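Novice:
Residue numbers (the working numbering), protein chains in the order written: chain A, 2 to 212; chain B, 16 to 499.
1) Whole angstroms is fine: what's the gap from residue 165 of chain A's alpha carbon to residue 175 of chain A's?
2) When DSSP builds the beta bridges, which residues end up paired with residue 97 of chain A?
3) Could you name the residues that DSSP lists as bridge partners for residue 412 of chain B?
4) In terms of residues, what are the limits of the alpha helix (DSSP H) holding residue 129 of chain A?
5) Taking DSSP as the reference, what is the three-state secondary structure of residue 229 of chain A?
6) Between the region 18-32 of chain B and the region 204-212 of chain A, are three or more C-beta pairs nearer than 8 Å?
7) Starting from the Cα of residue 182 of chain A, find the closest Cα among A:194, A:92, A:203 and give me that residue.
8) Would a check of beta-carbon distances place residue 193 of chain A closer than 7 Å to chain D?
9) So, are the CB atoms of residue 129 of chain B and residue 40 of chain B less than 7 Å apart?
10) Using 10 angstroms around the beta-carbon of residue 107 of chain A, count the other beta-carbons present and answer buried if the total reaches 16, otherwise exposed.
11) Looking at chain B, is there any beta carbon in it that lies within less than 7 Å of the beta carbon of residue 138 of chain A?
12) Determine which residues of the region 168-194 of chain A have a Cβ less than 8 Å from any Cβ of chain B, and write them out in chain order.
13) Between residue 63 of chain B and chain A, is the shortest Cβ-Cβ distance under 7 Å, so that the two count as touching?
14) Going by the beta-carbon positions, is the gap between residue 33 of chain A and residue 88 of chain A smaller than 7 Å?
15) CB residue 76 of chain A to CB residue 203 of chain A, shorter than 7 Å?
16) Determine the contact status of residue 112 of chain B and residue 74 of chain B, defining contact as a CB-CB distance below 7 Å.
17) Just checking residue 33 of chain A against the ligand FMN - is the residue's beta carbon closer than 6 Å to any of the ligand's heavy atoms?
18) Starting from residue 124 of chain B, follow the alpha helix (DSSP H) in both directions and report where the run begins and ends.
19) When the distance is taken between beta carbons, is residue 99 of chain B closer than 7 Å to residue 91 of chain B?
20) By how many angstroms is the C-alpha of residue 100 of chain A removed from the C-alpha of residue 169 of chain A?
21) Starting from the C-beta of residue 23 of chain A, find all residues in its chain whose C-beta is less than 6 Å away, skip the five residues before and the five after it, and write them out in chain order.
22) Between the Cα of residue 20 of chain A and those of A:205, A:206, A:200, spot the shortest distance and give me the residue it belongs to.
23) Is residue 76 of chain B closer than 7 Å to residue 109 of chain B when the C-beta atoms are compared?
24) With burial defined as no fewer than 16 other Cβ atoms inside 10 Å of the residue's Cβ, what is the status of residue 416 of chain B: buried or exposed?
25) Using 8 Å as the threshold, is the region 50-63 of chain A in touch with the region 119-128 of chain A, meaning 3 or more CB pairs across them?
26) Would you say residue 77 of chain B faces chain A, with C-beta separation under 7 Å as the test?
27) Measure the alpha-carbon distance for residue 57 of chain B versus residue 49 of chain B and round it to whole angstroms.
28) Can you tell me which of the three DSSP states residue 193 of chain A falls into?
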């Protein structure tokens with residue numbers, strides 16, 4: 002599903018900006034999973050995105066999960082209702098030990114005219130992928146038998162609609178409790194701040210001090 | 016490399032690796048510091064040996080494989096280095112590829128991302144190579160600008176040679192006016208001279224003439240002046256025709272009173288030239304009236320003048336023939352030219368009609384003469400296509416102007432597509448020219464004078480007769496040669 006993003010027209014709609022972000026999130030999530038070694042590396046293959054090789058999972062269940070998550074996120078992004086997207090890693094006791102946070106600071110509605118061909122944007126995303134690969138060495142390894150989840154931080158109205166709208170029933174989103182969200186004694190490892198023309202994204206890692 | 020700079024570079028590397036947590040490849044380092052890649056490799060190695068435990072390395076090894084399958088170039092991690100080296104029978108290269116702080120680099124693909132420079136099109140990779148040439152120095156911007164201007168000037172002069180533009184029109188218009196004022200006979204030679212002078216600018220003038228056609232509409236009254244004016248329109252039309260067909264050439268020179276016909280003799284040449292002129296003039300209806308008056312004056316015989324006038328008038332769209340000839344010669348350009356020609360023709364047609372209506376009282380001689388010659392022209396015109404079709408060697412669909420008089424006595428010129436053979440048309444034109452000469456009609460504009468005309472002024476009539484469909488080149492040469 003990795004597709005090359007090429008904005009064809011100058012008049013970028015809000016919808017398009019969210020598409021780019023979704024693609025980036027997909028790549029990021031796959032790479033995070035690869036870097037954290039939560040799954041055996043054999044399920045990952047090297048694919049090309051933004052002109053650089055990235056790792057992508059080929060496991061169908063995993064891919065389906067990620068895709069469904071992103072579908073919902075996309076719907077909400079178009080309405081600018083998503084504040085954060087997090088990938089949380091839990092240890093055996095279901096305590097979050099690590100969080101990769103994609104903080105969506107701003108999602109501009111109009112494409113920046115300076116970069117109609119998304120060149121700078123791609124470069125920024127490329128840089129993120131590179132940096133992400135490096136962060137693996139800075140983090141302590143995950144404990145064995147860890148699991149992960151994708152979490153959304155949004156407004157309350159959205160959480161209600163997610164629960165009630167029929168199209169989300171196949172892939173239900175459950176409201177999390179605080180224990181499943183916050184990391185104990187977090188230490189923040191910044192990864193990167195992306196500022197493309199039409200979205201600002203901050204990516205950092207919250208690591209538990211007690212891993 | 017001096018010690019100071021080495022220290023500086025090592026500091027930089029430390030910054031990149033330790034503080035910014037970058038993966039520093041030798042390529043990236045060389046580009047960033049502006050040093051040779053070998054220097055970069057050595058620096059990285061030095062740095063790594065200094066830091067040792069803090070950093071991790073990747074190596075590039077290459078060589079001939081032991082198992083004889085060929086050669087391989089590989090990037091390996093530090094820990095895999097020895098194992099990789101063992102695979103090679105002959106190790107051709109082994110050097111540090113990158114330095115990074117990360118202990119584990121799970122995917123070496125990221126190294127590609129480091130060196131991936133998508134937007135370095137303008138980067139001069141050769142700048143850092145070890146092979147240098149003292150003579151190859153980048154030119155400064157001023158010099159480049161100067162050279163560009165030179166090149167532009169050269170191309171413009173080259174173009175100007177073939178199709179001079181600009182100042183010519185003014186001259187031509189002035190001359191046309193002066194010509195029109197002068198009486199026919201004496202003017203011819205003098206005008207020829209002037210025309211010749213104008214030769215070089217004539218073509219340019221033609222261009223300008225096209226634009227100035229409308230402006231020159233005024234002094235059309237005199238039949239004498241017709242020739243001059245006809246020259247002008249001829250030139251302008253001639254030029255267009257010229258572009259389209261080389262056959263135009265004889266017309267053009269005559270039009271601008273240049274080389275060929277005008278300069279040569281009076282009677283036969285003039286007649287021929289008149290014919291040519293007439294044809295040229297006919298192209299530009301706008302200038303027709305002017306040209307008629309002007310050019311006809313130039314032409315030797317009054318009859319011819321009148322005939323020219325008539326033909327001019329009749330052949331408001333007289334370009335047809337020329338178009339045909341041009342078409343033959345330059346099929347590629349033909350389309351372009353035809354459009355231009357047709358536009359001018361159309362406009363000229365319109366103008367003529369308009370003028371005919373408006374200036375009827377002003378120019379009694381023209382309409383009077385016209386009817387007489389219509390029959391002649393009508394007689395002369397049809398045979399050409401017929402004759403051409405007879406042989407049918409190389410059929411070309413040409414647009415020809417058919418001039419005829421309708422029931423109201425108005426001269427109408429219609430453009431028709433006629434299939435005629437290329438090669439035959441030349442012969443036909445010769446015949447036509449002869450006819451013209453005999454009849455005193457200058458309808459056959461097609462410039463037969465191609466190569467024959469080249470010999471220039473001496474035998475204009477002969478040339479005219481025998482002038483085959485020339486190539487543009489020939490007509491051009493004629494043009495220039497005729498000019499004194």
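Yeah, the Cβ is synthetic: ideal placement off N, Cα and C, and Gly gets one too.
Source: prediction; values computed, not measured.
Specialist: Working from what's here:
1) 11 Å
2) A:91
3) B:434
4) Start and end: 120-139.
5) The displayed coordinates of chain A run from 2 to 212. Any statement about residue 229 of chain A would go beyond what the structure contains.
6) With the cut-off at 8 Å, the region 18-32 of chain B and the region 204-212 of chain A do not touch.
7) A:92
8) Here the protein chains are A and B, and chain D is not one of them.
9) yes
10) exposed
11) Chain B, which has a Cβ nearer than 7 Å to the Cβ of residue 138 of chain A, makes this yes.
12) none
13) no
14) yes
15) In this structure, residue 203 of chain A does not lie closer than 7 Å to residue 76 of chain A by Cβ.
16) Yes.
17) Summarising the ligand content, the structure contains no ligands, and the ligand FMN is consequently not present.
18) 124-130
19) yes
20) If I take the Cα positions, the gap works out to 25 Å.
21) Once the five neighbours on either side are set aside, the close Cβ partners of residue 23 of chain A are 71, 75.
22) Out of A:205, A:206, A:200, the CA that lies nearest to the CA of residue 20 of chain A is found in A:200.
23) Closer than 7 Å, so yes.
24) buried
25) yes
26) no
27) 14 Å
28) strand
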